[in-house]
Amino acid sequence: NLKNYAGDAKKVFVIGTVSEEALNNVANKLGKLCSDMILSVGVNLNENAETVSNLPESDAVILVEENGVSRFGEIEKEIEAVYNVKKEIIGVVLL
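Mapping to our numbering: the sequence shown position 57 is 57, numbers consecutive.
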């Protein structure tokens with residue numbers, strides 16, 4: 001499904017409010033299925049300046065959040081930031 005939603009996107013940014021370890025695990029698993037894509041990880045778009053500065057370099061975004069832990073307000077801010085730089089969210093992973 002990811003390849004279908006990604007379209008022409010080759011540089012995909014995996015972001016979320018979960019731990020960096022969780023983001024890396026998701027990116028590694030997806031990378032095995034989508035070897036033609038470059039997946040990079042960004043920790044907490046709401047608080048990490050490096051993640052914010054790397055967002056415009058991506059073609060699309062996959063959002064990773066944790067059920068019962070991630071807060072709706074934080075997720076909403078992430079989504080808004082992604083749309084502000086005219087990027088598309090091509091998938092959501094709920095841990």
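Just so it is clear, CB atoms sit at the ideal spot from N, CA and C, and this is done for glycine as well.
Please state if the CB of residue j and the CB of residue i are separated by a distance shorter than 9 Å.
{"i": "I89", "j": "V61", "result": "yes"}
{"i": "V82", "j": "L63", "result": "yes"}
{"i": "G42", "j": "I75", "result": "no"}
{"i": "E80", "j": "V18", "result": "no"}
{"i": "S58", "j": "F13", "result": "yes"}
{"i": "Y5", "j": "G91", "result": "yes"}
Is residue i helix, strand or coil when you go by DSSP?
{"i": "A22", "result": "helix"}
{"i": "E50", "result": "helix"}
{"i": "V85", "result": "coil"}
{"i": "L95", "result": "coil"}
Per DSSP, residue i is paired with what?
{"i": "Y38", "result": "Residue 38 is actually Ile in this sequence, not Tyr. Looking at the DSSP assignment, I38 forms a beta bridge with K11."}
{"i": "E66", "result": "Answer by DSSP bridge pairing: none, since E66 is not bridged."}
{"i": "A60", "result": "V12, E88"}
{"i": "L2", "result": "L2 pairs with nothing; no bridge assigned."}
{"i": "L55", "result": "Looking at the DSSP assignment, L55 forms no beta bridge with any residue, so it has no partner."}
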